[in-house]
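Visitor:
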Amino acid sequence: MTGAKLDLLIKLNELSEYARRGDEFLPDEICNFLSNDFDLTGAALFSIDENNSFHPLGKSAGVKKSQLKGNSFFCPNCKHFSGVQSNNLILDSNCSIQISDNPGNEGCYLINISDLDRMMIKIAKKTAIKQNDKDNLEKAIQLISSLILIWLEKRGGSKHSTASLARIVTETTNELKNSSNNLITLTSSLQHENVTSLKKNAQNILLNINDLNEISKIESNSVSRNQKSVDLVPMINEIVELFKRNLGNRKITFSVSVDKALNKSVILDDQKLRYILSSLLFVSTNLTTKGEISVNAAVLQNNLVKFVISYTGTVIESKIIDKLFDPFTLFQMEEFKNSPLTGLSLTLVKKYVQYLGGEISTTSGAGKGTTFIFTINGEVMADIVNGISQLPKPTSVNKVLVIEDDYATSKLLTNYLTKWGYNPTIVSTEEQAFGVINKEALLAIILDIELPNINGLELLKKLHDNPQTKNTPVIVCSIEPEQQKAFMMGAVEYFIKPINYNYLVEVLTSYKLRKNSNVLCVDDDEPT
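Residues 217 to 744 (the working numbering) are what the sequence shown spells out, left to right.
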């Protein structure tokens with residue numbers, strides 16, 4: 217097998233992993249894959265709603281900044297909707313949605329995921345798209361379509377989930393109405409003894425609204441993911457200790473067992489994991505008056521971490537266990553009618569697990585107790601990176617300065633750098649960048665020389681002339697090949713966009729072996 221074919225298989229496998237995890241960055245990764253492997257100037261992925269409006273999901277470097285999430289577009293003469301052509305790449309210079317400055321070399325491909333789910337991939341090339349290019353792109357997009365379907369199902373984001381969300385909203389609304397009616401009744405004859413009930417109903421409304429809002433964000437793919445390096449063992453012990461202190465007179469023992477592999481730092485979303493563990497442990501302690509509660513964590517293949525929580529207390533009836541994660545099912549049990557959990561708490565637990573690329577299940581039976589098993593995506597840091605991250609930090613923390621005007625690129629940089637143990641911070645102007653330079657010692661600088669209102673090469677010269685950064689390695693990124701000028705002005709590496717992030721990390725790691733570092737990203741396009 218040739219090196220090029222092997223590299224392609226590796227990239228497709230990476231995309232497949234993103235899809236199976238339901239990773240929020242898959243749309244951007246797909247667009248970067250197409251741009252890299254088909255010599256495109258840009259690619260963008262859109263979802264299409266029932267009104268035939270286009271909503272950006274992801275884009276590669278080089279795509280117009282107007283194609284950002286949160287915007288919407290409409291193409292009144294779209295040939296895909298007119299029925300003239302389907303299931304192929306359409307080249308139409310009159311398309312109203314343009315991702316480059318040369319619409320004559322753009323094409324779009326409609327992806328029919330289901331009767332309700334539709335997406336479109338828009339591509340742009342510097343030169344004319346030839347028939348051979350068109351055929352190869354169509355084959356690649358057909359493969360990508362299956363990955364998108366896996367991704368949607370994993371995230372619960374396909375249209376069939378709309379009915380699920382509608383049901384959740386309906387049931388939550390009924391619950392909120394009950395609490396609101398109680399408030400009205402209590403306030404009509406407000407007395408001291410009613411204040412406690414008044415406060416309780418108000419808190420119940422607020423908690424339900426918060427959980428409903430979070431579920432809505434997950435369904436619309438707008439929830440934030442806070443991936444970072446986490447020491448899992450101390451975190452689990454900390455959560456367990458909180459429950460130990462609230463046992464009262466109950467004779468419950470806790471046991472915690474964690475794989476040795478998890479003694480290293482793990483890249484995951486600790487906020488959502490805390491919510492999942494705390495909610496399941498609350499259910500376990502609430503149904504146990506005497507016995508044992510165990511928490512186990514282990515590493516699986518494909519960057520998955522498996523958690524098992526078991527308790528020997530009250531058995532959950534089969535009619536409830538089968539629907540335990542449905543809205544308000546938990547409230548069918550007397551033990552939870554006056555608990556701090558809302559009717560959506562376990563529904564949100566399941567949504568979080570799925571959002572983090574895992575699955576959850578529950579079993580319960582007489583003599584066996586109840587067991588919760590769930591997995592989430594969590595990458596154990598490589599030995600070398602883990603070792604570096606544990607080196608003593610110097611008094612003056614080293615940082616990497618990334619000067620980049622494109623939000624999609626800066627977001628991907630942030631994702632990759634965070635994944636490898638850096639701590640990204642985003643600022644948006646040259647002034648802010650030099651403000652940091654004057655205060656911090658830098659490990660390296662990553663500079664996009666094509667910036668609005670700034671001559672990148674002149675900025676490179678300023679960096680080289682500045683006493684604070686004169687000896688700081690500068691890595692230059694650009695759409696256009698201008699290596700000679702950049703190297704003459706002091707650059708140590710030159711990347712032509714789209715950036716090979718794996719190689720970039722290798723370059724930074726070579727410096728990180730000498731210095732422990734945090735990362736500062738400079739981007740004039742504020743994240744939304």
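For each residue, glycine too, the CB sits at the ideal point set by N, CA and C. Only a predicted model underlies this, so the values are computations on that prediction, with no experimental measurement involved.
Measuring only the C-alpha atoms, how far is isoleucine 600 from proline 689?
Guide: Because isoleucine 600 sits at a pLDDT of 37, beneath the cut-off of 50, its placement in the model cannot be relied upon, and the point is left open.
Visitor: DSSP puts proline 272 in a beta bridge; with which residues?
Guide: According to DSSP, proline 272 bridges with Phe262.
Visitor: How about the segment 356–365 and the segment 325–340: do they share at least three Cβ pairs that are nearer than 8 Å?
Guide: Flag = yes, the segment 356–365 and the segment 325–340 touch.
Visitor: DSSP on phenylalanine 254, reduced to helix/strand/coil?
Guide: Phenylalanine 254: coil per DSSP, three-state reduction.
Visitor: By Cβ distance below 7 Å, which residues in the same chain neighbour serine 232 in space, the five residues on each side in sequence not counted?
Guide: Closer than 7 Å at Cβ, skipping near neighbours: Leu363.
Visitor: For leucine 546, collect the residues of the same chain with a Cβ closer than 6 Å to its Cβ; drop the 5 residues on either side in sequence, then sort them by chain order.
Guide: For leucine 546, where only same-chain residues beyond five positions count, the Cβ hits under 6 Å are Phe552 and Leu562.
Visitor: With a cut-off of 8 Å on the beta carbons, I'd call isoleucine 339 and leucine 250 a contact; round off their distance for me.
Guide: Confirmed, about 6 Å.
Visitor: Near methionine 217, what residues of its chain come up, given a Cβ to Cβ distance below 6 Å and the 5 sequence neighbours on each side ignored?
Guide: Note that methionine 217 has pLDDT 47, beneath the 50 cutoff, so the model's placement of it is unreliable and no number is given.
Visitor: What does a CB cutoff of less than 7 Å around alanine 751 pick up in its chain, not counting 5 residues either side in sequence?
Guide: This structure leaves residue 751 out entirely; the chain is present only between 217 and 744.
Visitor: Please specify which runs of the alpha helix (DSSP H), each continuous and at least 4 residues long, are wholly inside the segment 522–571, giving them in chain order.
Guide: List check, alpha helix (DSSP H) in window: 534–537 and 561–571.
Visitor: Going by beta carbon distance, what residues of the same chain come within less than 7 Å of lysine 433, once the five residues before and after it are set aside?
Guide: Here the set comprises Val439.
Visitor: So, do the segment 492–508 and the segment 454–463 have three or more beta carbon pairs nearer to each other than 8 Å?
Guide: These segments touch.
Visitor: Evaluate contact between the segment 307–316 and the segment 288–298, counting only Cβ atoms and requiring at least three cross-stretch pairs below 8 Å.
Guide: In short, these stretches touch, since the Cβ pair count reaches three.
Visitor: For glycine 573, which of Gly585, Ala582, Pro683 and Asn519 has the nearest alpha-carbon?
Guide: Considering only alpha carbons, the answer is Asn519.
Visitor: Quick check on the DSSP output: the beta strand (DSSP E) that includes valine 515 runs from which residue to which?
Guide: That run of the beta strand (DSSP E) goes 506–516.
Visitor: Using 10 angstroms around the beta-carbon of isoleucine 226, count the other beta-carbons present and answer buried if the total reaches 16, otherwise exposed.
Guide: Label assigned to isoleucine 226: exposed.
Visitor: Is glycine 672 helix, strand or coil when you go by DSSP?
Guide: Of the three classes helix, strand and coil, the one that applies to glycine 672 here is helix, per DSSP.
Visitor: Less than 7 Å between the beta carbons of glycine 258 and serine 316, yes or no?
Guide: In this structure, serine 316 lies closer than 7 Å to glycine 258 by Cβ.
Visitor: Going by C-alpha to C-alpha distance, which of Ala277, Asn268, Ser269 and Phe254 sits closest to alanine 244?
Guide: The question names alanine, but residue 244 in the sequence shown is aspartate. Minimum Cα distance to aspartate 244 is reached at Ala277.
Visitor: Could you tell me which residues DSSP puts in a beta bridge with glutamate 709?
Guide: Answer is Ile691.
Visitor: Please identify the residue among Phe254, Cys324 and Glu430 whose C-alpha is closest to the C-alpha of tyrosine 571.
Guide: Per the Cα distances, Glu430.
Visitor: What does DSSP give as the partner residue(s) for alanine 660 in the beta ladder?
Guide: Note: alanine 660 sits in a beta bridge opposite Val616.
Visitor: If leucine 448 and valine 474 are in contact, beta carbons under 8 Å, what's the gap, nearest whole angstrom?
Guide: With 8 Å as the limit, leucine 448 and valine 474 qualify as a contact, their Cβ atoms being about 7 Å apart.
Visitor: Since methionine 336 sits in a beta bridge, which residues does DSSP pair it with?
Guide: Answer is Phe262 and Leu326, bridged to methionine 336.
Visitor: Starting from the C-beta of isoleucine 360, find all residues in its chain whose C-beta is less than 7 Å away, skip the five residues before and the five after it, and write them out in chain order.
Guide: Closer than 7 Å at Cβ, skipping near neighbours: Ile246.
Visitor: So is lysine 506 buried or exposed if we call it buried at 16+ other beta carbons inside 10 Å?
Guide: By the neighbour-count rule (16 or more Cβ atoms within 10 Å), lysine 506 is not buried but exposed.
Visitor: Pull up the DSSP beta-bridge partners for glutamine 443, would you.
Guide: Looking at the DSSP assignment, glutamine 443 forms a beta bridge with Asp485.
Visitor: Does phenylalanine 241 come out as helix, strand or coil in the three-state DSSP assignment?
Guide: Residue state, collapsed to three classes: coil.
Visitor: If you drop the 5 nearest sequence neighbours on each side, which residues of the same chain put their C-beta closer than 6 Å to that of leucine 667?
Guide: Cβ neighbours of leucine 667 beyond the five flanking positions: Asp621.
Visitor: Between the alpha carbons of histidine 271 and leucine 261, how many angstroms are there, rounded?
Guide: In a straight line, the C-alpha of histidine 271 is about 8 Å away from that of leucine 261.
Visitor: Between the Cα of leucine 560 and those of Ile662, Phe544, Phe470 and Leu493, spot the shortest distance and give me the residue it belongs to.
Guide: Residue Phe544 is the option with its Cα nearest to leucine 560.
Visitor: Who are the Cβ neighbours of leucine 463 in its own chain at under 8 Å, not counting the five residues just before and after it?
Guide: So the list reads Thr501, once near-sequence residues are dropped.
Visitor: Under 8 Å by Cβ, that's how I've got aspartate 664 and isoleucine 619 pegged, so tell me the actual separation to the nearest angstrom.
Guide: About 6 Å separates the two Cβ atoms, so the contact holds.
Visitor: When you compare only the Cα positions, how much space is there between glutamine 347 and leucine 326?
Guide: For glutamine 347 and leucine 326, the distance between alpha carbons rounds to 18 Å.
Visitor: So what does DSSP say about leucine 305, is it helix, strand or coil?
Guide: In this structure, leucine 305 counts as strand in the three-state DSSP scheme.
Visitor: State the DSSP-derived secondary structure class of lysine 467, mapped to helix, strand or coil.
Guide: Correct three-state label for lysine 467: strand.
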